[in-house]
Amino acid sequence: MKIAVTGKGGVGKTTLASTLSSIFSRKYKVFAIDADPDMNLASSLGIREEIIPISKMKDLIKDRTGAEPGSSFGEIFKINPKISDLPDSLSIDYDPEGRLKLLVMGTVDKGGDGCICPASVLLKAMLRHMILKKDEIIILDMEAGIEHLGRKTAESVDIMIVVVEPGLKSLETARRIKKLAKDIGIKNLQAVINKVSSAAEEEFVQEKLKELKIEVLGSIPQDQSVVRADMEAKPLTAYDNSPASMAIETIAENILKKI
Ligand SMILES: Nc1ncnc2c1ncn2[C@@H]1O[C@H](COP(=O)(O)OP(=O)(O)OP(=O)(O)O)[C@@H](O)[C@H]1O
Ligand SMILES: [Mg+2]
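So for the sequence shown, our numbering puts the first residue at 967; every next one is plus one.
Structure (structure tokens):
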């Protein structure tokens, strides 16, 4: 099962992705992948140490692609680097049983449209490999720009979740993502409504999503535990009776029903 979480900045993508990762890892093997330029999936899982993203591993990139990262124009490098061993060797074991692994991809400076640079070739190849070949549950925390997924990878994503909050801005992003998702071949786009603090807010967003023809997987209330978890660098699942955590448990069940 391959799940991608996307949406406008700050809506709660990382909160959802990390909590789903913890929940699913009780029963299944999970690979959580941080593919957001603003990398914070690790801290949201309660990992405090600093992690070097793969995009910054210069020697590795040089070794696998044959080119120095950063050098691009006119340079010859392998566009099909060997990467099948990397997800396992570069991931961080989150739990002693090895049921939850984390990979921090990092980002590549884009040198204008259509730039192909060694680091991005490596990251894309890894993402494609994981989504196409791995048996584990893959949970991808990503930015709103989903174009770089590539058609083959996109077609193998079982469910793309767009997180929205009460407000038109994140709904506008959802509208854009819906169009993009269709263009690149994502079959199943579902919404999660986050930071809901009243029935009126919930109704407002539900209505708008209906207009956009985006199905709703569930909603998550505004919850102080999410803020506390962030301050204390702990996973949300560590807070018993957290309404947001309980809502995400329900969303996890709904995901299993949808795919
Ligand atoms: N249900 C909630 N209740 C209260 N606060 C929340 C809730 N969900 C998210 N937040 C807060 O909103 C902020 C953004 O959440 P999060 O980092 O999960 O969003 P994001 O979409 O991953 O952001 P970014 O685009 O920066 O990666 C955090 O400070 C988080 O604590
Ligand atoms: Mg985030």
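Glycine is no exception: its CB is placed at the ideal position from the N, C-alpha and C atoms.
These numbers come from a predicted model, not from an experiment.
Spatial neighbours of residue i in its chain, beta-carbon cut-off 8 Å, leaving aside the 5 residues before and after
{"i": "aspartate 1079", "result": "Annotation note: pLDDT 48 at aspartate 1079 (below 50); position unreliable, no value reported."}
{"i": "isoleucine 1225", "result": "Met967, Asp1124, Ile1125, Asn1154"}
{"i": "isoleucine 1112", "result": "Ala970, Thr972, Ala1120, Met1126, Ile1143, Leu1146, Ala1147, Ile1150, Ile1152"}
{"i": "serine 1136", "result": "Gly973, Lys974, Val977, Val1129, Val1130"}
{"i": "lysine 1100", "result": "Phe997, Pro1053"}
Contacting residues, own chain, Cβ-Cβ under 6 Å from residue i (five flanking each side not counted)
{"i": "methionine 1096", "result": "Pro1053, Ile1104"}
{"i": "asparagine 1154", "result": "Ile1125"}
{"i": "isoleucine 1027", "result": "Pro1035, Pro1084, Ala1085, Leu1088"}
{"i": "glutamate 1181", "result": "Gln1156"}
{"i": "leucine 1098", "result": "Ser1122"}
{"i": "lysine 1179", "result": "none"}
{"i": "lysine 1118", "result": "none"}
{"i": "leucine 1069", "result": "Ile999, Ser1057"}
{"i": "alanine 1001", "result": "Met1071, Leu1106, Met1108"}
{"i": "lysine 1161", "result": "Glu1131, Gln1188"}
Ligand 3 heavy atom lying under 6 Å from the CB of residue i
{"i": "lysine 1224", "result": "Because ligand 3 does not appear in the structure shown, any question about it cannot be addressed here, the ligands present being ligand 1 and ligand 2."}
Straight-line gap, residue i to residue j (C-alpha atoms, nearest Å)
{"i": "aspartate 1196", "j": "alanine 998", "result": "18 Å"}
{"i": "glutamate 1215", "j": "alanine 1204", "result": "13 Å"}
{"i": "lysine 974", "j": "histidine 1114", "result": "16 Å"}
{"i": "aspartate 1061", "j": "alanine 970", "result": "22 Å"}
{"i": "isoleucine 1159", "j": "lysine 1022", "result": "34 Å"}
{"i": "methionine 1092", "j": "arginine 1141", "result": "28 Å"}
{"i": "phenylalanine 1170", "j": "isoleucine 1186", "result": "14 Å"}
{"i": "lysine 1144", "j": "aspartate 1029", "result": "38 Å"}
{"i": "isoleucine 989", "j": "lysine 995", "result": "11 Å"}
{"i": "isoleucine 1152", "j": "lysine 968", "result": "11 Å"}
{"i": "serine 1057", "j": "serine 987", "result": "14 Å"}
{"i": "glutamate 1063", "j": "glycine 976", "result": "32 Å"}
{"i": "leucine 939", "j": "isoleucine 1042", "result": "Any question about residue 939 goes unanswered here, given that the chain covers just 967 to 1225."}
{"i": "glutamate 1102", "j": "lysine 993", "result": "11 Å"}
{"i": "asparagine 1046", "j": "arginine 1194", "result": "44 Å"}
Rounded distance between the beta-carbons of residue j and residue i, thought under 8 Å
{"i": "leucine 1066", "j": "serine 991", "result": "4 Å"}
{"i": "serine 1163", "j": "glutamine 1188", "result": "4 Å"}
{"i": "glutamate 1177", "j": "proline 1132", "result": "That pair is no contact at about 15 Å."}
{"i": "glycine 978", "j": "valine 1129", "result": "5 Å"}
Beta-carbon gap between residue i and residue j smaller than 7 Å
{"i": "threonine 1031", "j": "lysine 1044", "result": "yes"}
{"i": "leucine 1011", "j": "proline 1201", "result": "yes"}
{"i": "alanine 1110", "j": "threonine 972", "result": "yes"}
{"i": "isoleucine 1217", "j": "glycine 1184", "result": "yes"}
Beta-carbon contacts of residue i that lie in its chain and below 7 Å, excluding the five residues immediately before and after
{"i": "glutamate 1219", "result": "none"}
{"i": "alanine 1199", "result": "Ser1009, Gly1012, Arg1014"}
{"i": "serine 1050", "result": "His1095"}
{"i": "alanine 983", "result": "Val971, Ala998, Leu1007, Ile1105, Asp1107"}
{"i": "valine 1192", "result": "Thr981, Leu1202, Ala1210"}
{"i": "glycine 1072", "result": "Met1005, Pro1019, Ile1020, Ser1021, Lys1022"}
{"i": "glutamine 1172", "result": "Val1182"}
{"i": "glycine 1116", "result": "Lys1090, Arg1094"}
{"i": "proline 1003", "result": "Thr1073, Glu1109"}
{"i": "alanine 1213", "result": "Gly1184, Ser1185, Ile1186, Pro1187"}
{"i": "aspartate 1059", "result": "Lys1067"}
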